[in-house]
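Novice:
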Amino acid sequence: MDLTRRVRPDTTLRILNLPALALVLGFSVLPILYVGYLSLQDLRLGSTGSGGFAGLANYRFTLADSSVATAFGNTLYFSALAVAIATSVGLGIALLLDSEAPGARWLVLAAVLPWAIPEIVNALMWQWIYNPTYGALDGLLVWLGMFREYRAWLSTPGSAMHAVIFAYAWKLVPFVVIILYAALRSIPAELYESAQTDGAGRRAQFQYVTLPLIGPALAVAILFSVVWSMRAFDIVYLLTRGGPGEATVVLSYLVFTKAFEFGDMGAAAAVAVALAAVTFGVTCMYLRILPQDEDR
Amino acid sequence: MSGFPGAKRQRHRLGYRRALALGVLVGLSLLYLLAPPAWMLISSVSPDRELRSRPPHWIPRAPTLEHYRTLFQLPGADRKVLDQNPQVRAFPRSFLNSVVIAGGTVALCLVFGSIAAYSLSRCLGRRMRRWVLLGLLASRMIPVISVLIPIYLALQTIGLLNTLRGLILVYTGLLLPFVIWILEGFYRGFPVELEEAAAMDGCSPIGVFIRIVLPLSGNGLFAGAAFVFISTWSDFIVGLVLTTSEVAWPISVALAQALNPITEPSWGLLNSAGLVAALVPAILAFLLRGAVMRGMLSGALKG
């Protein structure tokens, strides 16, 4: 049913809409345009407005900056691995919920918990678990006899990134679980029955019935996870501050340090624009795979 | 949260071995999901001396609430621990700050968001509406850090840096697109016949909205409010960039500051602080799990 033109807007309604319009324009649309403008300015002295037009110098300079390349690579690695872990664990848990596994009812509640924990608390929690002197992870591994001594997970180049990724993926799992669980529950039982009649085993049922039918939901879960992990900031800020060296510097963290610690707003804006552009590209992919019904 | 009753549950009869295997997998999943927060809870009630042991005391020998008392500087607070972790002194104040910020943002978002969403669902053509909604969603896909530089400069110019008012304004601006998105879907499912009848009796559009629509939109507003409150409460980066002192620190920033001392912090104290900070959104999410899940499914949740 289309409700178009059922209500004629009057002046009061128009006026009452102005604050929302102003806020959305002011905080979502204008900042994006302004950050693009800033990225073309030379603002290195820190005082805003005193800089001159710099053309594409910030971009040229930024692209030649090896720390930007490192951060870009780190962001891709971080997102790819975090999403891979969250998606496979999330799919597994969603399948468990959908089977009549004993205890599945409890699992539903537990599966939402990581989502409800604020990201900064998640970071604090893992900071304590990874603690090199008293941490639970080291304690557990030594207690079980798998390691002889404690390790500094977050300050060793090889393990720092993986420790951060594991902590972030943990919080990403609930979203994947809920999206996929809803998709699994919407598969009509008749499809499984007819597949069974045709002699399909469990594996064949999964491959030819389950997977194609949850495909769109899986794509949505993955794309949202990608978009979020590309902007991950809190976990890096609290766990490693980008260290050791530049091992865990991701793009959003680089923007933050460039802008608010080194005061180079122009260069920071250039990186911010690049990050927004990549995210926007992923979003466009997302919008293309959204079901094309009349609603959204 | 129970499954749909019906045929699907009969899909496969569980054999004994299969049930056992699935049970083990459920157990492992529960361990993965619950062990980290459980350790945070245990650490928050363990004396620091037990936390400084190798291997850790998995079960506290002498459980205590001293960390919570110290955290809120109640009678029985450990002054020495407080002196060694001075940043924790800002915690009670930042807790209140977060309540004010999240509450203010919820109020503004609901007032402006519901009007905008209603107008959108009733006064725009289908094509136009689709574009506006896509625009709203796309604008929120942009990483916050990308728009935070201009917002920082703007707040600096109008003198609202490091104020609760400034933060409320910014959060409202950032979250409105999602609120409008959620509520628009809600109003679209609303029966128009009621509104038509009221309009026939000479009610103006805004009158229809206030007298007929608003009193009946509790569910949608509730979902929107929960979403805004949780998002605002859980945010870190906006608070970090736009505040400079404990006057305006939200709880997340106070937590991060407390984890910053040169010496090893009191981990019992920090864990209790983290737990308190997580409790508010966790309780909300639990109470409103239906609404929260619907929101998540409409692809809207999470800032």
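Chains A and B are the protein sequences, given in the same order.
Residue numbers for the first sequence follow the numbering used here, beginning at 328 and rising by one.
Residue numbers for the second sequence follow the numbering used here, beginning at 952 and rising by one.
Note that CB positions come from ideal geometry on N, CA and C, so glycine has one too.
1. Rounded to the nearest angstrom, what separates V1032(B) and S1217(B) at their Cα positions?
2. May I ask you to list the residues that DSSP assigns as paired with Q368(A)?
3. Should I1100(B) be flagged as near chain A, meaning a C-beta pair shorter than 7 Å?
4. Is S374(A) helix, strand or coil by DSSP?
5. For E1172(B), which three-state DSSP category applies?
6. In angstroms, rounded to a whole number, what distance separates the CA positions of A1199(B) and R1116(B)?
7. Which of the residues in the region 969-987 of chain B, read from start to end, lie with their CB under 8 Å from any CB of chain A?
8. Out of D1034(B), G1219(B) and G1190(B), which one is the CA nearest neighbour of L1111(B)?
9. Using the Cβ count rule (16 or more neighbours within 10 Å means buried), how would you classify Q368(A)?
10. Determine whether the Cβ of I420(A) lies closer than 7 Å to any Cβ atom of chain B.
11. Roughly how many whole angstroms lie between the Cα atoms of R1144(B) and G1171(B)?
12. According to DSSP, simplified to helix, strand and coil, what is M1092(B)?
13. Taking three-plus beta-carbon pairs below 8 Å as touching, is the region 1073-1086 of chain B in contact with the region 1218-1233 of chain B?
14. Assign S426(A) to one of three DSSP states: helix, strand, or coil.
15. Below 7 Å between beta carbons is the criterion; list the residues of the region 464-485 of chain A that meet it against any residue of chain D, in chain order.
16. Y364(A): buried (16+ other C-beta within 10 angstroms of its C-beta) or exposed?
17. Can you tell me where the alpha helix (DSSP H) holding A437(A) begins and where it ends?
18. Rounded to the nearest angstrom, what separates V582(A) and A599(A) at their Cα positions?
19. Could you check the C-alpha separation between D425(A) and P445(A) for me, to the nearest Å?
20. Confirm, please, whether the CB-CB distance from M592(A) to I1188(B) is below 7 Å.
21. Are the CB atoms of L1118(B) and L350(A) within a distance shorter than 7 Å?
22. Check this for me: beta carbons of P1156(B) and N1048(B), under 7 Å apart or not?
23. Is there a Cβ of chain A sitting closer than 7 Å to that of G1219(B), yes or no?
24. List, in chain order, every chain B residue whose beta-carbon is nearer than 8 Å to that of M592(A).
25. Provide the residue span of the alpha helix (DSSP H) that contains Y477(A), from first to last.
26. Reducing DSSP to helix, strand and coil, say where A1199(B) ends up.
27. State buried or exposed for V605(A), treating a residue as buried only when at least 16 other CB atoms are found within 10 Å of its CB.
28. Is E1146(B) helix, strand or coil by DSSP?
29. Measure the alpha-carbon distance for L625(A) versus V577(A) and round it to whole angstroms.
30. Among the residues of its own chain, which have a CB less than 8 Å from the CB of M612(A), if the five just before and after it don't count?
31. Where does the unbroken alpha helix (DSSP H) through V1032(B) begin, and where does it stop?
32. Starting from the beta carbon of N1222(B), find every residue of chain A whose beta carbon is closer than 7 Å, and list them in chain order.
33. By how many angstroms is the C-alpha of E1001(B) removed from the C-alpha of R1012(B)?
34. What residue range is occupied by the uninterrupted alpha helix (DSSP H) comprising L1193(B)?
35. Tell me the rounded alpha-carbon separation between L436(A) and S980(B).
36. Can you tell me the Cα-Cα spacing of A527(A) and F1063(B), whole angstroms?
Specialist: The short version:
1. By 1-based counting over the second sequence, the position of residue 1032(B) is 81. By 1-based counting over the second sequence, the position of residue 1217(B) is 266. Answer to the nearest angstrom: the Cα atoms are 7 Å apart.
2. Looking up residue 368(A) in the first sequence gives position 41. DSSP output for Q368(A) lists F380(A) as bridge partner(s).
3. Here residue 1100(B) is taken as the residue at index 149 of the second sequence, counted from 1. Taking Cβ atoms only, chain A reaches closer than 7 Å to I1100(B), which makes this a yes.
4. Taking the first sequence and counting its residues from 1, one reaches residue 374(A) at position 47. In this predicted model, S374(A) has a pLDDT of only 49, less than 50, meaning its place in the structure is not dependable enough to derive any value.
5. For the purposes of this step, residue 1172(B) is taken as residue 221 along the second sequence, with counting starting at 1. It should be pointed out that residue 1172(B) corresponds to Leu in this sequence rather than to Glu. Note: L1172(B) maps to helix in three-state DSSP.
6. In the second sequence, residue 1199(B) corresponds to position 248, counting from 1. In the second sequence, residue 1116(B) corresponds to position 165, counting from 1. Rounded to the nearest angstrom, the two C-alpha atoms are 9 Å apart.
7. A970, L973, G974, L976, V977, G978, S980, L981, Y983, L984, L985 and P987
8. Here residue 1111(B) corresponds to residue number 160 of the second sequence, with the count starting at 1. Answer by Cα proximity: G1190(B).
9. Indexing the first sequence from 1 puts residue 368(A) at position 41. Around the CB of Q368(A), 16 or more other CB atoms lie within 10 Å, so the residue is classed as buried.
10. If you number the first sequence from 1, residue 420(A) lands on position 93. Yes - at least one Cβ of chain B is within 7 Å of the one on I420(A).
11. For this step, residue 1144(B) is matched to residue 193 along the second sequence. For this step, residue 1171(B) is matched to residue 220 along the second sequence. The question names Arg, but residue 1144(B) is Glu in the sequence shown. Going by the C-alpha atoms only, they are around 19 Å apart.
12. As a working mapping, residue 1092(B) is identified with position 141 in the second sequence. Note: M1092(B) maps to helix in three-state DSSP.
13. no
14. Residue numbering aside, residue 426(A) sits at position 99 when the first sequence is read from its first letter. Looking at S426(A) - three-state DSSP - the assignment turns out to be coil, as it is neither helix nor strand.
15. In summary, chain D is missing from the structure at hand, where the protein chains are A and B.
16. As a first step, residue 364(A) must be located in the first sequence, where it is residue number 37. Label assigned to Y364(A): exposed.
17. Counting from 1 along the first sequence, the entry for residue 437(A) is found at position 110. Per DSSP, A437(A) is one residue of the alpha helix (DSSP H) stretching across A431 to A443.
18. Looking up residue 582(A) in the first sequence gives position 255. Looking up residue 599(A) in the first sequence gives position 272. Taking the straight line from one Cα to the other gives about 6 Å.
19. For the purposes of this step, residue 425(A) is taken as residue 98 along the first sequence, with counting starting at 1. For the purposes of this step, residue 445(A) is taken as residue 118 along the first sequence, with counting starting at 1. About 27 Å.
20. If you number the second sequence from 1, residue 1188(B) lands on position 237. If you number the first sequence from 1, residue 592(A) lands on position 265. Not a contact, by the Cβ cut-off of 7 Å.
21. Taking the first residue of the first sequence as 1, we reach residue 350(A) at position 23. Taking the first residue of the second sequence as 1, we reach residue 1118(B) at position 167. For L350(A) and L1118(B), no; Cβs fall outside 7 Å.
22. Your numbering for residue 1156(B) matches position 205 in the second sequence. Your numbering for residue 1048(B) matches position 97 in the second sequence. Taking 7 Å as the Cβ cut-off, P1156(B) and N1048(B) do not qualify as a contacting pair.
23. Here residue 1219(B) is taken as the residue at index 268 of the second sequence, counted from 1. No, G1219(B) does not count as interfacial toward chain A.
24. Position 265 of the first sequence, counted from the first residue, corresponds to residue 592(A). Under a criterion of Cβ atoms nearer than 8 Å, the residues of chain B adjacent to M592(A) are, in order, I1100 and L1104.
25. Here the question's residue 477(A) lines up with position 150 in the first sequence. Note, Y477(A): premise wrong, no alpha helix (DSSP H); not H, not E.
26. Taking the first residue of the second sequence as 1, we reach residue 1199(B) at position 248. Coil at A1199(B), not helix or strand.
27. Mapped onto the first sequence, residue 605(A) falls at position 278. By the Cβ-count criterion, V605(A) is buried, with 16 or more other Cβ atoms from all chains shown falling within 10 Å of its own Cβ.
28. Against the second sequence, residue 1146(B) aligns to sequence position 195. Under the three-state reduction of DSSP, E1146(B) is assigned to helix.
29. The shown model of chain A, from 328 to 623, leaves out residue 625(A), and the question about it has no answer.
30. For this step, residue 612(A) is matched to residue 285 along the first sequence. The answer, listed in chain order, is L550.
31. The residue given as residue 1032(B) occupies position 81 in the second sequence. V1032(B) -> alpha helix (DSSP H) spans R1030 to Q1035.
32. Taking the first residue of the second sequence as 1, we reach residue 1222(B) at position 271. Near N1222(B) (Cβ distances below 7 Å), the residues of chain A are W455.
33. The count along the second sequence starts at 1 and reaches residue 1012(B) at position 61. The count along the second sequence starts at 1 and reaches residue 1001(B) at position 50. Looking at the two C-alpha atoms, the distance is approximately 8 Å.
34. Sequence index remark: in the second sequence, residue 1193(B) carries index 242 (1-based). Taken as a continuous stretch (DSSP letters only), the alpha helix (DSSP H) holding L1193(B) covers I1188 to L1193.
35. The count along the first sequence starts at 1 and reaches residue 436(A) at position 109. The count along the second sequence starts at 1 and reaches residue 980(B) at position 29. Going by the C-alpha atoms only, they are around 12 Å apart.
36. To locate residue 527(A), count along the first sequence from 1; it is residue 200. To locate residue 1063(B), count along the second sequence from 1; it is residue 112. About 54 Å.
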